[in-house]
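One line per chain: the protein sequences are G and F, in this order.
Numbering follows the working numbering, in which position 90 of the first sequence is assigned residue number 103; successive positions increment by one, without gaps.
Numbering follows the working numbering, in which position 6 of the second sequence is assigned residue number 19; successive positions increment by one, without gaps.
Backbone N, C-alpha and C define an ideal beta-carbon position, used for all residues, glycine too.
2 protein chains.
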Amino acid sequence: MTEDISPKRTELSELGEFGLIDRLTAGLKPFNASTLKGVGDDCAVIDHGDHVSLITKDLLIEGVHFDLSYAPLKHLGYKAAAVNISDIVAMNGKAEQMLVGISVSNRFSVEALEELYAGIRLACERYKVDLVGGDTTSSVSGLFISITVIGRASKDEVVYRNTARQNDLICVSGDLGGAYMGLLLLEREKQVYKANPQMQPDLEGFDYILERQLKPEPRTDVLEKLRKAGIKPTAMIDISDGLASEILHIAKDSGLGCRIYENKIPVDIVTAEVAAEFQIDPVTAAMNGGEDYELLFTADVNDFEKLKELKGIHIIGHMTEKAEGEYLISEGGSLYPIEAQGFNHMRDKQA
Amino acid sequence: MTEDISPKRTELSELGEFGLIDRLTAGLKPFNASTLKGVGDDCAVIDHGDHVSLITKDLLIEGVHFDLSYAPLKHLGYKAAAVNISDIVAMNGKAEQMLVGISVSNRFSVEALEELYAGIRLACERYKVDLVGGDTTSSVSGLFISITVIGRASKDEVVYRNTARQNDLICVSGDLGGAYMGLLLLEREKQVYKANPQMQPDLEGFDYILERQLKPEPRTDVLEKLRKAGIKPTAMIDISDGLASEILHIAKDSGLGCRIYENKIPVDIVTAEVAAEFQIDPVTAAMNGGEDYELLFTADVNDFEKLKELKGIHIIGHMTEKAEGEYLISEGGSLYPIEAQGFNHMRDKQA
Numbered sequence: 014m015t016e017d018i019s020p021k022r023t024e025l026s027e028l029g030e031f032g033l034i035d036r037l038t039a040g041l042k043p044f045n046a047s048t049l050k051g052v053g054d055d056c057a058v059i060d061h062g063d064h065v066s067l068i069t070k071d072l073l074i075e076g077v078h079f080d081l082s083y084a085p086l087k088h089l090g091y092k093a094a095a096v097n098i099s100d101i102v103a104m105n106g107k108a109e110q111m112l113v114g115i116s117v118s119n120r121f122s123v124e125a126l127e128e129l130y131a132g133i134r135l136a137c138e139r140y141k142v143d144l145v146g147g148d149t150t151s152s153v154s155g156l157f158i159s160i161t162v163i164g165r166a167s168k169d170e171v172v173y174r175n176t177a178r179q180n181d182l183i184c185v186s187g188d189l190g191g192a193y194m195g196l197l198l199l200e201r202e203k204q205v206y207k208a209n210p211q212m213q214p215d216l217e218g219f220d221y222i223l224e225r226q227l228k229p230e231p232r233t234d235v236l237e238k239l240r241k242a243g244i245k246p247t248a249m250i251d252i253s254d255g256l257a258s259e260i261l262h263i264a265k266d267s268g269l270g271c272r273i274y275e276n277k278i279p280v281d282i283v284t285a286e287v288a289a290e291f292q293i294d295p296v297t298a299a300m301n302g303g304e305d306y307e308l309l310f311t312a313d314v315n316d317f318e319k320l321k322e323l324k325g326i327h328i329i330g331h332m333t334e335k336a337e338g339e340y341l342i343s344e345g346g347s348l349y350p351i352e353a354q355g356f357n358h359m360r361d362k363q364a
Numbered sequence: 014m015t016e017d018i019s020p021k022r023t024e025l026s027e028l029g030e031f032g033l034i035d036r037l038t039a040g041l042k043p044f045n046a047s048t049l050k051g052v053g054d055d056c057a058v059i060d061h062g063d064h065v066s067l068i069t070k071d072l073l074i075e076g077v078h079f080d081l082s083y084a085p086l087k088h089l090g091y092k093a094a095a096v097n098i099s100d101i102v103a104m105n106g107k108a109e110q111m112l113v114g115i116s117v118s119n120r121f122s123v124e125a126l127e128e129l130y131a132g133i134r135l136a137c138e139r140y141k142v143d144l145v146g147g148d149t150t151s152s153v154s155g156l157f158i159s160i161t162v163i164g165r166a167s168k169d170e171v172v173y174r175n176t177a178r179q180n181d182l183i184c185v186s187g188d189l190g191g192a193y194m195g196l197l198l199l200e201r202e203k204q205v206y207k208a209n210p211q212m213q214p215d216l217e218g219f220d221y222i223l224e225r226q227l228k229p230e231p232r233t234d235v236l237e238k239l240r241k242a243g244i245k246p247t248a249m250i251d252i253s254d255g256l257a258s259e260i261l262h263i264a265k266d267s268g269l270g271c272r273i274y275e276n277k278i279p280v281d282i283v284t285a286e287v288a289a290e291f292q293i294d295p296v297t298a299a300m301n302g303g304e305d306y307e308l309l310f311t312a313d314v315n316d317f318e319k320l321k322e323l324k325g326i327h328i329i330g331h332m333t334e335k336a337e338g339e340y341l342i343s344e345g346g347s348l349y350p351i352e353a354q355g356f357n358h359m360r361d362k363q364a
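In structure tokens form, the structure reads like this:
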């Protein structure tokens with residue numbers, strides 16, 4: 014086998030996803046003047062004069078990112094579309110086109126694929142995105158979804174993740190940790206069902222966190238709210254891997270440090286209740302759970318009064334100079350270093 | 014399992030790839046004025062005022078599109094990039110950016126992925142394409158490659174596949190059938206090796222067709238040649254599924270018929286020799302083999318003299334009115350209806 018001839022073998026799990034991408038894309042220099050931004054943000058950015066294209070691509074892999082025993086195909090299609098649209102939103106852009114690549118084994122019927130597409134098309138209708146192409150092919154086993162979304166923004170609208178400034182406020186939309194608690198709940202009920210197929214899943218009263226896990230929504234409404242309030246974020250990212258991982262991206266890429274106040278992190282009551290049941294600190298769920306697809310952004314301190322008035326936006330901390338490091342401040346005032354322990358699919362699933 | 018709840022189950026193999034895409038994308042209407050062309054050409058086309066973006070996405074799946082026992086990872090990376098760039102070329106555009114999605118099991122090492130990326134990066138350097146992003150994740154088994162390429166063209170340069178006109182000349186670049194014979198050769202040597210691992214593969218003298226299969230090149234040089242000669246194709250497509258399938262796309266999408274002359278179809282001498290060895294008509298290899306990534310285009314009859322002078326361009330037939338149908342004319346003057354029997358991965362691999 015070709016992959017075995019190399020004298021040195023480094024396991025993928027040694028590097029993790031970000032380390033691997035860094036290594037594979039090291040030393041790239043653009044050939045085309047139209048390439049404004051390559052690897053290293055939510056989207057690539059392509060110049061078209063007065064405006065830019067924003068392009069993002071995400072893979073969803075059966076057995077790694079989803080489990081069909083509890084993710085209905087229609088929800089899965091919706092989520093696959095939504096998480097890509099969310100990447101465009103995280104650059105302050107408008108998603109306009111989508112390409113869908115699907116590879117399936119013959120375990121799936123045409124009707125199953127139609128269900129999946131129904132979810133994709135529902136998300137496209139909701140967010141006014143045009144399905145313009147793709148590729149459908151068979152696989153030896155399993156379902157692989159690869160989605161590319163193309164967005165648009167005027168040049169002065171685009172918000173990168175590496176442009177936060179010292180003293181900027183750190184803000185987050187919605188609430189965090191819910192998607193992760195929804196996942197734990199679904200996993201638990203799956204185990205119960207496997208042990209005793211007569212048992213009905215006990216999911217009543219948990220609609221909110223189940224929806225957070227199964228049907229996330231890109232926060233186009235937050236962009237609209239900020240625009241109306243006359244606030245332009247100084248840096249922005251969407252929360253796919255957990256608050257810890259995302260604020261570290263903003264801090265490190267901007268060459269800064271940060272402080273986040275534990276008691277400012279928004280957590281929904283259902284999330285907190287389920288977390289208590291699982292004996293998990295809800296702040297841990299928010300910091301490391303991931304998949305909330307809320308927006309994390311920084312804003313000028315002068316926007317403080319305006320931000321305070323915006324419902325569903327929470328000021329959770331501020332950026333510092335780099336030397337001060339990245340810390341979570343507990344209610345008692347203790348400092349805990351922020352570490353990315355989010356969903357690292359490379360590391361988790363291949364251990 | 015969710016995919017089993019549907020009362021009706023239609024097998025994917027009943028529809029085939031094109032039928033399936035038609036069904037999944039039926040009734041789509043664009044929301045955005047920027048969407049000039051959706052599903053149904055080599056690329057989607059997005060409006061940017063004076064110019065357009067061309068976007069294409071192709072999946073390459075282990076066990077379906079490639080076999081790592083004879084496709085070296087570096088070649089595979091190169092081919093994955095090249096076939097996507099070829100889709101941009103087929104719209105008469107210039108490929109500028111690429112996003113790469115890779116899903117791998119832990120059977121692969123970091124070094125193996127570096128080999129794959131070395132091939133992708135080599136193609137990007139050769140064709141001056143910027144690698145601007147993507148996604149790398151684990152899979153439960155196998156290697157999945159999803160590539161998106163973004164190209165650019167001025168608005169009056171773009172060539173679609175549905176714009177051929179009656180009496181237009183049908184032309185093809187290079188020669189056909191080689192990639193398919195290369196594949197058959199590799200498959201045969203694999204079987205020989207499996208039967209007796211002491212046997213060395215007998216591939217000497219077959220470099221040309223092996224290269225056709227393992228390392229196809231997008232024909233940017235043909236576009237340049239046509240531009241210099243002042244010829245703009247009236248319709249164009251690249252040959253990924255075989256000449257038969259591609260000319261039917263042009264004919265049906267343009268609402269026309271066509272005549273192709275068997276003795277005009279360009280076949281390399283090595284292709285013909287190996288075809289003889291396998292007792293396959295080389296014309297069959299050209300019509301139905303696929304993966305040659307040559308350009309098939311139509312041009313105005315008034316360009317006949319100019320086209321005749323262009324080395325490596327072959328005039329193989331002409332477009333007719335729709336009622337005359339689509340036919341291959343044998344040397345003896347017999348008419349054979351053209352039927353798409355190309356690589357239909359959905360149908361072949363799931364039977």
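Run of the beta strand (DSSP E) containing residue i, from where it starts to where it stops
| i | result |
| --- | --- |
| ASP54/F | It is not in any beta strand (DSSP E) - ASP54/F carries neither H nor E in the DSSP assignment. |
| ASP35/F | From DSSP, ASP35/F is part of no beta strand (DSSP E) but of the alpha helix (DSSP H) over 25-37. |
| ASP181/F | Element bounds for ASP181/F: n/a, residue is neither H nor E. |
| VAL162/F | 156-167 |
| GLU339/F | 339-342 |
| CYS145/G | Strictly speaking, residue 145/G in this sequence is Val, with Cys absent from that position. Taken as a continuous stretch (DSSP letters only), the beta strand (DSSP E) holding VAL145/G covers 143-151. |
Closest residue to residue i among the options (Cα-Cα distance)
| i | options | result |
| --- | --- | --- |
| VAL3/F | GLY325/G, SER154/G, GLY106/G, GLY147/G | With chain F covering only 14 through 364, there is no way to say anything about residue 3/F. |
| HIS61/G | TYR83/G, LEU49/G, SER82/G, SER267/G | LEU49/G |
| LEU239/F | ASP188/F, LYS321/F, VAL287/F, GLU224/F | LYS321/F |
| ASP305/G | GLN226/G, TYR173/G, LEU25/G | GLN226/G |
| PRO231/F | GLU307/F, MET300/F, ARG134/F | GLU307/F |
| LEU129/F | ILE158/F, LYS141/F, SER118/F | ILE158/F |
| LEU37/G | SER66/F, THR149/F, TYR91/F, LYS42/F | THR149/F |
| LYS324/G | TYR340/G, ASP251/G, ASP188/G, ASN45/G | ASP188/G |
| TYR340/G | GLN292/G, GLY302/G, ALA264/G | ALA264/G |
| ASP316/F | ALA103/F, GLU24/F, LYS241/F | LYS241/F |
| LEU1/G | LYS168/G, GLU202/G, ILE260/G | Nothing about residue 1/G can be reported from this structure: the residues present for chain G run from 14 to 364 only. |
| LEU196/F | ASN175/F, LYS207/F, VAL172/F, TYR221/F | TYR221/F |
| ILE34/G | ALA298/F, GLY155/F, ILE273/F, SER151/F | SER151/F |
| ASP251/G | ALA94/G, LYS21/G, TYR91/G, ASP100/G | ASP100/G |
Terminal residues of the alpha helix (DSSP H) in which residue i lies
| i | result |
| --- | --- |
| HIS327/F | No alpha helix (DSSP H) holds HIS327/F; the beta strand (DSSP E) holding it covers 326-334. |
| ALA285/G | 282-290 |
| ILE101/F | 86-102 |
| GLU352/F | Element bounds for GLU352/F: n/a, residue is neither H nor E. |
| LEU320/G | 317-322 |
| VAL314/G | No alpha helix (DSSP H) contains VAL314/G, which DSSP labels as neither H nor E. |
| ASN301/G | 295-301 |
Where residue i falls: helix, strand or coil (DSSP)
| i | result |
| --- | --- |
| LEU73/G | strand |
| GLY195/G | helix |
| ARG134/G | helix |
| GLY114/G | strand |
| LEU309/G | strand |
| ARG22/G | coil |
| PHE79/F | strand |
| VAL171/F | coil |
| ALA108/G | strand |
| LEU189/F | coil |
| LEU49/F | strand |
| LEU41/G | coil |
| ILE278/G | coil |
beta-carbon residue i near the ligand ADP non-hydrogen atom, thresh 7 Å
| i | result |
| --- | --- |
| SER116/G | Absent from the structure shown: the ligand ADP. Ligands present: none. |
Check: Closer than 8 Å, Cβ to any Cβ of chain G: which residues of the stretch 38-52 of chain F, in chain order?
Finding: Within the stretch 38-52 of chain F, THR38, LEU41, PRO43, PHE44, ASN45, SER47, THR48, LYS50, GLY51, VAL52 place their CB atoms closer than 8 Å to a CB of chain G, listed in sequence order.
Check: Going along the chain, which unbroken runs of the alpha helix (DSSP H) with 4 or more residues stay wholly within the stretch 212-273 of chain G?
Finding: When DSSP assignments are scanned along the stretch 212-273 of chain G, the uninterrupted stretches of alpha helix (DSSP H) that are 4 or more residues long and fall wholly within it turn out to be 220-227, 233-241, 256-267.
Checklist line | Residues within the stretch 100-119 of chain F neighbouring chain G, beta-carbon criterion of under 9 Å | finding: Of all residues in the stretch 100-119 of chain F, only LYS107, GLU109, GLN110, LEU112, VAL113, GLY114, ILE115, SER116, VAL117, SER118, ASN119 place a beta-carbon less than 9 Å from a beta-carbon of chain G.
Check: For the stretch 145-175 of chain G, which residues have a CB atom closer than 8 Å to at least one CB atom of chain F, in sequence order?
Finding: Legend: CB atoms of the stretch 145-175 of chain G lying less than 8 Å from CB atoms of chain F belong to residues VAL145, GLY146, GLY147, ASP148, THR149, THR150, SER151, SER152, VAL153, SER154, GLY155, PHE157, SER159, THR161, ILE163, ARG165.
Notebook entry, point to check: Just by C-beta distance, which residues in the stretch 193-212 of chain G are closer than 9 Å to chain F?
Noted result: Hits within the stretch: zero.
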